[in-house]
Amino acid sequence: MNWYDAFNAIEAGLWVIVAAVIAIRVPCPTWQQRCATLLGSTAFLAFAGTDMLEIGRLGTFPFWLWGLKIACGLMILVSRYTWLGWNRFHWTDREIRFGIACLIGVAIIVALQRWLESSPSSRMR
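Using my numbering, you'd call the opening residue of the sequence shown number 5 and step up by one each time.
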């Protein structure tokens with residue numbers, strides 16, 4: 005197993021631990037908070053699954069895998085605001101700004117990856 009695959013396996017294991025801690029240790033006094041913890045745990049488990057799907061790809065992801073990763077990130081944000089209450093949602097929150105920055109970064113990486121795959125030098129290999 006190369007370093008990239010080993011890193012993804014370790015990362016997947018850590019996401020499973022995070023999901024378990026959220027499900028087991030977070031107190032949920034209200035129905036809304038129980039839903040939020042269930043959604044958050046599920047999102048982190050799904051994110052672990054996407055890391056396992058990365059193994060063997062060496063950083064070249066198909067669009068559907070990028071989409072799954074982005075969907076997991078959105079589910080994590082939704083679980084946060086479900087926990088807090090949607091009346092506390094603001095576009096200026098640091099989590100939202102960070103999420104938007106990550107989405108822009110992902111879009112740049114996907115575009116760069118596709119451009120490099122279609123460049124003439126990649127066809128000569």
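Just so you know, even glycine gets a beta-carbon here, dropped at the ideal spot from N, CA and C.
Item checked: Cα-Cα separation between residue 31 and residue 48, rounded to whole angstroms -> 18 Å
Margin query: If you follow the alpha helix (DSSP H) that residue 29 is in, where does it begin and where does it stop?
Written below: Residue 29 -> alpha helix (DSSP H) spans 7 to 29.
Notebook entry, point to check: With residue 41 and residue 27 assumed to form a contact (beta carbons below 8 Å), what rounded beta-carbon distance in angstroms separates them?
Noted result: 6 Å
Check: What is the DSSP secondary structure of residue 38, reduced to helix, strand or coil?
Finding: helix
Notebook entry, point to check: By Cβ distance below 8 Å, which residues in the same chain neighbour residue 80 in space, the five residues on each side in sequence not counted?
Noted result: 44, 47, 48, 51
Next item on the list: Please report how far the alpha carbon of residue 10 lies from the alpha carbon of residue 115, in whole angstroms.
Entry: 26 Å
Item checked: Local conformation of residue 60 per DSSP, three classes -> Annotated three-state conformation of residue 60 is coil, per DSSP.
Note to self: Applying the 10 Å Cβ sphere with the 16-neighbour rule, what's the burial state of residue 16?
What the structure shows: buried
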